[in-house]
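Novice: Structure provided below as C-alpha cells; questions to follow.
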Amino acid sequence: MNPKTVLALTGVLVAACSAPPETPTEDAPRNVQTAAVEEPTCTPNPLKDVFFGDLHVHTSYSLDAYIFGNHDNDPVTAHAFAQGATVTLPGGRQHALQEPLDFSVVSDHSEFMDVIGMCTLPDSNGQLSNDPYCLYVRWLATDAGNHNFLPIVSDTYTDPPQEAGICRRKPLQCAVARWNVWNRTQQATTMAYRPCEYTSLNAYEWSEGTDFMHRIVVFNGESVPTVPIDYIHYPTPLEMLQALSKQCTGECDAISIPHNSNLTAGNMFKVSGLGEALYRARYERLVEVFQVKGNSECRNAVDPEDDAYDVDCEFELVPQPLVLPSKSKQGYVRSGLKSGLLWHAITGINPLEMGMAAATDTHNAAPGSVEESTPIGRHGATDDDPIERLEPANAIFNGGGLTAVWAQRNTRDEIFAALKRRESYATSGPRMRVRFYQTWDANDPCSDPMFPEQVSQNGIPMGGRMDPAGGSTPQFVVSALKDEQDLAEIHFIKATLSGGKLQEQVVRFVATGGQASWCQTWSDPDFDATAPTLYYARVLEAPTWRWSHYDCEATPETQAYCAEHPELDVQIQERAWTSPIWSLP
Amino acid sequence: MRKHPWRTLLRHPVVLFLVFGAALYLLAPSPRSDDDIELSADVIEALQAAEARRQGTPLTEAERAKITALIVEEEVLVREARRLGLDQSDAIVRRRLVQKMRLLAEQLDGVDQPPTEAEVRGWYEQTRDRWQTGAQYGFVHVFAQTDRRAVLDALGPETLTPGDDDRPPAAGDPFPLSRRVALTDDDELSNVFGDDLVGALAALPLGSWSEPIRSRYGWHRVKVLERRDPRPASLSEVRAQVAMELTAQRRQAAVERLLSQAYPRYTITVAGRPYEGGPAERSAPVFDARVAGLETP
Chain C
12 MNPKTVLALT GVLVAACSAP PETPTEDAPR NVQTAAVEEP TCTPNPLKDV
62 FFGDLHVHTS YSLDAYIFGN HDNDPVTAHA FAQGATVTLP GGRQHALQEP
112 LDFSVVSDHS EFMDVIGMCT LPDSNGQLSN DPYCLYVRWL ATDAGNHNFL
162 PIVSDTYTDP PQEAGICRRK PLQCAVARWN VWNRTQQATT MAYRPCEYTS
212 LNAYEWSEGT DFMHRIVVFN GESVPTVPID YIHYPTPLEM LQALSKQCTG
262 ECDAISIPHN SNLTAGNMFK VSGLGEALYR ARYERLVEVF QVKGNSECRN
312 AVDPEDDAYD VDCEFELVPQ PLVLPSKSKQ GYVRSGLKSG LLWHAITGIN
362 PLEMGMAAAT DTHNAAPGSV EESTPIGRHG ATDDDPIERL EPANAIFNGG
412 GLTAVWAQRN TRDEIFAALK RRESYATSGP RMRVRFYQTW DANDPCSDPM
462 FPEQVSQNGI PMGGRMDPAG GSTPQFVVSA LKDEQDLAEI HFIKATLSGG
512 KLQEQVVRFV ATGGQASWCQ TWSDPDFDAT APTLYYARVL EAPTWRWSHY
562 DCEATPETQA YCAEHPELDV QIQERAWTSP IWSLP
Chain D
160 MRKHPWRTLL RHPVVLFLVF GAALYLLAPS PRSDDDIELS ADVIEALQAA
210 EARRQGTPLT EAERAKITAL IVEEEVLVRE ARRLGLDQSD AIVRRRLVQK
260 MRLLAEQLDG VDQPPTEAEV RGWYEQTRDR WQTGAQYGFV HVFAQTDRRA
310 VLDALGPETL TPGDDDRPPA AGDPFPLSRR VALTDDDELS NVFGDDLVGA
360 LAALPLGSWS EPIRSRYGWH RVKVLERRDP RPASLSEVRA QVAMELTAQR
410 RQAAVERLLS QAYPRYTITV AGRPYEGGPA ERSAPVFDAR VAGLETP
C-alpha cells in the first residue's frame with residue numbers, strides 16, 4: 012500500500028489521521044454495483060502536488076483493439092496495469108510499469124460497444140455469438156483475418172451513418188449489449204478507485220468516422236449517460252456536445268478532449284458557428300497535444316509568409332502525406348489556440364481555450380506504457396515484436412505521453428477539477444515536474460526560497476486567465492525538476508492577435524550544462540493589454556535514445572534492418588508542454 | 160440531427176431493464192431434435208417489430224416474409240454446417256467453445272460478480288502476512304541546486320531550527336514540489352526523490368537537521384519529523400488490492416475446479432502413451448503490498 016498524494020505542506024503534523032465521516036451515497040451509479048467508497052484520509056495540500064495519468068486508453072472493449080488481437084485485456088486489466096500490475100500483453104509478453112500512475116481513464120470507443128457485447132463477451136447468447144457477423148468479427152481478429160477492422164467499421168460510414176451490420180438486424184439485442192458493456196466499464200472504474208492513491212475516471216471515445224475529429228469524453232464521477240454517446244447516432248461534434256449537455260446533468264460533469272488534430276487535414280479547430288463555439292467553450296477544456304500517433308503541438312508550413320520557423324515543432328511528427336503543410340498546420344494545437352484568440356476578439360467567446368494533455372492511446376489496456384527503453388507496441392498483435400514495430404507504418408509512431416495535473420490531493424473531485432481548470436501539462440513520456448505562473452509582482456520568484464507560496468497567491472497558474480490590466484510588464488516563471496534525464500532548454504511561447512494579425516514568438520533559454528532543477532523567469536516587454544494573447548512554456552530534456560533504438564538492438568535481424576535504416580536508430584529530446592495562460596481583454 | 164424516438168426511449172434505464180429481460184426470454188433456446196426446426200412466433204414477431212421500429216415505417220408483407228426467411232435460412236445453414244461437422248475442426252469455433260466453457264465455469268461459481276465485503280475480509284485474513292506497509296517518513300527540507308551546495312553548508316541554527324517546528328526555512332533555492340512532506344511510504348518517496356535521499360532518512364535522528372544529502376535534483380538538508388516502521392497493513396489500507404487479487408484468484412479457481420472434475424471423464428493418450436498429467440499450471444496474479452502491483456509469486 013502506498014499513500015500517494017502525501018507530499019503535503021500542512022500546518023499540522025499529520026492531521027491526516029483523523030477518522031473520516033461516512034460517505035453519503037446519494038451519488039450511487041445507475042445499474043452498477045457500488046463498492047464502498049471511503050472518504051479520503053489524505054490532507055489537501057494548498058500548494059498542490061503533481062499527479063501523472065493517462066487520458067486515452069483502449070481495452071478489449073474497443074472493436075479495433077479486439078481485432079488487433081487484444082482479446083483479454085479489459086477495463087479491469089487496464090486499471091490494474093495502471094496501478095503497477097504485471098499484465099500479459101497480446102503476443103504473450105509480460106509487462107509492468109516501472110512506476111505506477113496516479114490516475115487513468117479507460118476510454119473505449121463508444122461505437123461498436125454493441126458489437127463487442129454481442130460477439131465477444133460471455134453474456135452474449137449462443138444465437139448471437141454464432142451469428143455469421145460475429146464469426147466474421149472474430150475471424151478478422153486472427154492472423155488469418157489480418158487484424159483488419161476496416162470492413163466492420165467502414166460499413167457504418169454512410170451519410171448519415173448507419174448502425175453496424177448486426178445491429179441493423181438485431182437492434183434490441185444490440186441496445187442491450189451496448190448498455191451491458193458500458194456498465195462493465197463503469198464497474199471496473201468503481202472497483203479501481205482508491206482515494207488518495209489512484210483515481211479512476213469513467214470515459215469513452217467518440218470516434219467520428221471519416222475526418223478523424225475524435226474526442227475523449229471524461230466524467231467526474233459515477234453519474235454518466237446511460238449509454239455512451241457515439242458517432243453513429245450523433246455524427247458531428249456539435250450534435251455530440253449537445254447530446255452530452257442533455258444526458259450529463261445533475262451530479263454529472265464532463266470534459267471533452269480532442270485528439271490527433273494532426274490527422275484532421277487542418278479541420279479539428281474549425282468551429283462551425285456560434286452554437287458550436289458555446290458548446291466547445293463549455294466542454295473542450297483540454298486538447299491532446301501528444302500521443303502515439305504523433306505530436307500535434309505545431310507544424311512549420313513551407314509558406315514564404317510563415318517567418319516563424321520553430322525548429323522544435325519538428326519532433327515526432329506524423330504528417331498527412333496528401334495534405335499541404337499550410338493547410339495541415341491549421342490542425343495543430345498552436346494554430347488552434349491562435350484561432351481561439353481571433354474568436355474571442357470577434358465574439359467574446361473562446362471555443363478553443365484548451366489546456367495541454369497527452370496520452371498513450373494504447374490499444375493493449377496498458378495505460379502509461381511510455382518508457383522508450385521497453386517498447387511494447389500499442390496495437391495488439393500487429394506490433395508485438397521489434398521487427399513489426401520497425402516497419403515504416405509503425406515506426407512513425409512514438410512512445411506516447413502522459414498528462415500531469417496540479418491538484419490538492421489525489422481524489423476524483425480534485426483530479427477532475429484540475430483537468431477542468433486546465434492546471435495541467437503534457438509530457439512526451441518522462442515525469443519532469445513543471446510549474447508555470449504569471450505574476451505582476453516585480454520580485455524575482457526564482458530567488459524566493461519559499462516558492463511557490465507567494466506566486467501561487469498573487470500569480471496565475473497554467474491554464475488560467477491573467478488580468479490584462481494588472482500592470483505593464485507581465486512576468487512569467489517556470490520552475491522545473493528533471494525526471495531521469497537532465498533538462499536542457501526552457502521556452503516561453505507567445506501568441507497574440509496584434510494589429511489584426513496573429514503572431515507568435517518563441518523565447519528560448521538553453522542550459523550550458525545539464526540542469527537537474529531549473530527556475531527561469533521571463534518578462535514580456537511587448538505586452539499589449541488590448542490584444543488577446545496567450546503564453547505557454549515548453550521544457551526540453553537533453554537527448555536520449557528513441558524507442559526504436561532499443562528495438563534496433565533487439566535481435567540480429569533488427570540490427571541488420573536498422574543498419575539500412577539509420578533514421579530509426581536516433582535520439583530525441585523528450586519534453587513537456589504547459590497549458591497556456593491567457594490574457595483576454 | 161437524425162433522431163428516432165425509440166432510440167431516446169431505449170436509453171431510459173427502466174426500458175433497458177425490460178428490454179434486457181425480454182431479450183433473455185426470447186433468446187433462451189428451446190429444446191428440439193436435430194431435424195426439427197421450430198421457431199416460435201414470438202421470436203419472429205419480435206424481430207419484425209424491431210425492424211419496423213428501425214425503419215420508422217410498418218413492414219410490408221413482403222418484408223415480413225423476408226425476415227422470416229432469413230431467420231429460417233440462418234438456422235438451416237447452422238444445422239447443415241453441424242451435420243457436416245464443420246464446427247469440429249474450425250479453430251475459431253474451438254477457441255470460442257473453450258472461451259465460453261471458461262466463462263461458464265466462472266458464471267456457475269458466481270465469480271463473475273464482484274466479491275462481497277465479507278469475502279474480501281475473509282481473503283484478507285487468509286493472506287494477512289503478505290500485507291505490509293513500507294517505512295514511512297514525514298520531513299521538512301531545504302534545497303540547493305547541484306552547484307550550490309555551499310549555500311546549504313552556510314546555514315546555521317538561526318535558520319535551521321531544531322525540534323518539531325515543521326515550517327520550511329526561508330533559505331536555499333526554489334523547489335517546485337513541497338518542502339514539507341507529510342508522512343509518506345518510502346517507495347513512493349523514492350519515486351520522487353530517488354533512493355539515495357530516502358536511504359539517508361532511515362539513519363537521521365528525529366528533529367535535527369542533516370548535513371547536505373545529494374538527490375538527483377541537487378542538495379537537500381533534511382529534518383525528519385516523524386517516522387513509522389513497516390507494519391502490517393489494515394484492511395482499509397489495502398482493500399482495493401485485496402478485492403482485485405481475490406477476483407483474479409476466484410476466476411482461476413473456478414476454471415481449475417471445472418477442469419479437475421472433467422479430467423477423470425476422459426482417457427487421454429498422448430503419442431501412444433497414457434497421459435497422467437493434470438491441467439496446465441498457472442498462477443493467478445498476486446499483489447505485492449509494498450509496490451501495490453501485481454506480481455506472480
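Chains C and D, in that order, are what the protein sequence lines are.
Position in the first sequence counted from 1, then plus 11, gives you this note's numbering.
Position in the second sequence counted from 1, then plus 159, gives you this note's numbering.
For every residue, glycine included, the Cβ atom is placed at its ideal position computed from N, Cα and C.
The model shown is predicted, which means the values in this text are computed figures rather than measured ones.
Can you pull out the residues from the region 349-381 of chain D whose beta carbon lies closer than 8 Å to at least one beta carbon of chain C?
Specialist: From the region 349-381 of chain D, only N350, V351, R375, Y376, G377 have a Cβ closer than 8 Å to chain C.
Novice: Is the Cβ of T219(D) closer than 8 Å to any Cβ of chain C?
Specialist: For the purposes of this step, residue 219(D) is taken as residue 60 along the second sequence, with counting starting at 1. So no, T219(D) is outside the interface.
Novice: Flag this pair as touching only if the region 446-466 of chain C and the region 399-411 of chain C have three or more C-beta atom pairs under 8 Å; answer yes or no.
Specialist: Flag = no, the region 446-466 of chain C and the region 399-411 of chain C do not touch.
Novice: Express the C-alpha separation of L417(D) and V282(C) in angstroms, rounding to a whole number.
Specialist: Here residue 282(C) refers to the residue found at position 271 of the first sequence. Here residue 417(D) refers to the residue found at position 258 of the second sequence. The alpha-carbon atoms of V282(C) and L417(D) are separated by roughly 58 Å.
Novice: Checking the sheet assignment: what are the DSSP bridge partners for K382(D)?
Specialist: What you label residue 382(D) is simply residue 223 of the second sequence in a count that begins at 1. In the DSSP output, where bridge partners are listed per residue, K382(D) has V299(D), W368(D).
Novice: Out of curiosity, what's the CA-to-CA distance linking R195(C) and F462(C)?
Specialist: By one-based count along the first sequence, residue 195(C) stands at place 184. By one-based count along the first sequence, residue 462(C) stands at place 451. Rounded to whole angstroms, R195(C) to F462(C) spans 45 Å at the Cα level.
Novice: With distances taken from CA atoms, which of V518(C), R519(C), A499(C), F538(C) is nearest G481(C)?
Specialist: Indexing the first sequence from 1 puts residue 481(C) at position 470. Checked all of V518(C), R519(C), A499(C), F538(C); the closest Cα to G481(C) is F538(C).
Novice: Please name the residue, chosen from I268(C), H560(C), E216(C), P596(C), that lies closest to R293(C) on a Cα-to-Cα basis.
Specialist: Within the first sequence, numbered from 1, the residue matching residue 293(C) stands at position 282. Minimum Cα distance to R293(C) is reached at I268(C).
Novice: Quick one: which chain C residues come within Cβ less than 9 Å of D312(D)?
Specialist: Numbered from 1 along the second sequence, position 153 holds the residue referred to as residue 312(D). By Cβ distance, chain C contributes nothing, its closest Cβ being about 15 Å from D312(D), past 9 Å.
Novice: What does Q198(C) reach in chain D if we use C-beta pairs closer than 9 Å?
Specialist: Start at 1 with the first residue of the first sequence, and residue 198(C) comes out as number 187. P273, listed in chain order.
Novice: Let me know if Q285(D) comes out buried or exposed under the rule of 16 or more other beta-carbons within 10 Å of its beta-carbon.
Specialist: For the purposes of this step, residue 285(D) is taken as the residue at position 126 of the second sequence. Exposed.
Novice: Check whether the region 298-309 of chain D touches the region 334-343 of chain D, counting contact only when three or more Cβ pairs, one atom from each stretch, lie closer than 8 Å.
Specialist: Result yes; three or more Cβ-Cβ pairs closer than 8 Å.
Novice: Would DSSP call C530(C) helix, strand or coil?
Specialist: As a first step, residue 530(C) must be located in the first sequence, where it is residue number 519. C530(C): strand per DSSP, three-state reduction.
Novice: Which residues mark the beginning and the end of the beta strand (DSSP E) in which S337(C) is found?
Specialist: The residue labelled residue 337(C) in the question sits at position 326 within the first sequence. That residue, S337(C), is in no beta strand (DSSP E); its alpha helix (DSSP H) goes 336-339.
Novice: Since P362(C) and E464(C) should fall inside the 8 Å C-beta cutoff, what is the C-beta to C-beta distance between them, to a whole number of angstroms?
Specialist: By 1-based counting over the first sequence, the position of residue 362(C) is 351. By 1-based counting over the first sequence, the position of residue 464(C) is 453. About 35 Å separates the two Cβ atoms, so there is no contact after all.
Novice: I'd like to know whether the C-beta of I501(C) is nearer than 8 Å to at least one C-beta of chain D.
Specialist: Taking the first residue of the first sequence as 1, we reach residue 501(C) at position 490. Judged by the 8 Å Cβ criterion, I501(C) is not in contact with chain D.
Novice: For H502(C), tell me which candidate among F520(C), R557(C), D83(C), A175(C) has the shortest Cα-Cα distance.
Specialist: Against the first sequence, residue 502(C) aligns to sequence position 491. Here the closest residue by C-alpha is F520(C).
Novice: Give me the Cα-Cα distance between V467(D) and L360(D), rounded to the nearest whole angstrom.
Specialist: Residue 467(D) is absent from the structure shown; chain D starts at 160 and stops at 456.
Novice: Answer with yes or no whether the minimum CB distance from D332(D) to chain C is below 8 Å.
Specialist: The count along the second sequence starts at 1 and reaches residue 332(D) at position 173. Yes, because at least one Cβ of chain C sits closer than 8 Å to the Cβ of D332(D).
Novice: Which residue comes first and which comes last in the alpha helix (DSSP H) that contains M129(C)?
Specialist: As a working mapping, residue 129(C) is identified with position 118 in the first sequence. 124-130 is the extent of the alpha helix (DSSP H) around M129(C).
Novice: Just to confirm my understanding: we take Q253(C), look at its own chain, exclude 5 residues before and 5 after, and list those with CB closer than 7 Å. What are they?
Specialist: Here the question's residue 253(C) lines up with position 242 in the first sequence. Same-chain partners within the cutoff: Y290.
Novice: Would P335(D) pass as an interface residue toward chain C - the criterion being a Cβ-Cβ separation below 8 Å?
Specialist: The residue you call residue 335(D) lines up with position 176 of the second sequence. It does; some Cβ of chain C falls within 8 Å.
Novice: Check the Cβ of T54(C) against every Cβ in chain D and list those closer than 8 Å, keeping chain order.
Specialist: For the purposes of this step, residue 54(C) is identified with residue 43 of the first sequence, where counting begins at 1. Within 8 Å Cβ-Cβ: A341.
Novice: From S346(C), D75(C), L352(C), W529(C), pick the residue whose C-alpha is nearest to that of R476(C); which is it?
Specialist: Against the first sequence, residue 476(C) aligns to sequence position 465. For the residues S346(C), D75(C), L352(C), W529(C), the minimum Cα distance to R476(C) belongs to L352(C).
Novice: Mapping DSSP to helix, strand and coil, what is M367(C)?
Specialist: The residue labelled residue 367(C) in the question sits at position 356 within the first sequence. Here M367(C) sits in strand by DSSP.
Novice: Listing by chain order, which chain C residues have their CB less than 9 Å from the CB of Q304(D)?
Specialist: Position 145 of the second sequence, counting from 1, holds the residue named residue 304(D). Going along chain C in sequence order, the residues near Q304(D) (Cβ under 9 Å) are Q526, A527, S528, W529, C530.
Novice: Does the Cβ of S594(C) have 16 or more other Cβ atoms within 10 Å, making it buried, or fewer, making it exposed?
Specialist: Along the first sequence, read from residue 1 onward, the residue named residue 594(C) stands at position 583. When all chains shown are included, S594(C) counts as buried.
Novice: I'd like the span of the alpha helix (DSSP H) that includes D312(D), first residue to last.
Specialist: For the purposes of this step, residue 312(D) is taken as residue 153 along the second sequence, with counting starting at 1. First-last of the alpha helix (DSSP H) with D312(D): 308-312.
Novice: Taking Cβ-Cβ distances below 8 Å as the criterion, which residues of the region 434-457 of chain C are in contact with chain D?
Specialist: Taking 8 Å as the Cβ-Cβ cut-off against chain D, the residues of the region 434-457 of chain C that qualify are R444, V445, R446, P456, C457.
Novice: What residue from E382(C), D535(C), Q419(C), H374(C) has the CA that sits closest to A453(C)'s CA?
Specialist: Taking the first sequence and counting its residues from 1, one reaches residue 453(C) at position 442. Comparing Cα positions, the closest option is D535(C).
Novice: So for Y376(D), helix, strand or coil by DSSP?
Specialist: As a first step, residue 376(D) must be located in the second sequence, where it is residue number 217. Looking at Y376(D) - three-state DSSP - the assignment turns out to be coil, as it is neither helix nor strand.
Novice: Is the separation between the beta-carbon of G156(C) and that of D113(C) shorter than 8 Å?
Specialist: Locating residue 156(C) in the first sequence gives position 145, counting from the first residue. Locating residue 113(C) in the first sequence gives position 102, counting from the first residue. Contact: no.
Novice: For M224(C) versus N306(C), is the C-beta distance shorter than 8 Å?
Specialist: Taking the first sequence and counting its residues from 1, the one referred to as residue 224(C) is at position 213. Taking the first sequence and counting its residues from 1, the one referred to as residue 306(C) is at position 295. Cβ distance not < 8 Å, so M224(C) and N306(C) don't count as in contact.
Novice: Given that P162(C) touches chain D, what residues does it touch there, using C-beta distances under 7 Å?
Specialist: The residue labelled residue 162(C) in the question sits at position 151 within the first sequence. Per Cβ cutoff of 7 Å: no residues; P162(C) is ~16 Å from chain D at best.
Novice: Would you say S189(D) reaches chain C, if we count a Cβ-Cβ gap shorter than 8 Å as a contact?
Specialist: Residue mapping note: residue 189(D) aligns to position 30 of the second sequence, counting from 1. Residue confidence for S189(D) is low, a pLDDT of 49 falling below 50, so the modelled location carries little weight and cannot support an answer.
Novice: Is there at least one Cβ from chain C nearer than 8 Å to A399(D)'s Cβ?
Specialist: For the purposes of this step, residue 399(D) is identified with residue 240 of the second sequence, where counting begins at 1. For A399(D), the answer is yes, since a Cβ of chain C falls inside 8 Å of its Cβ.
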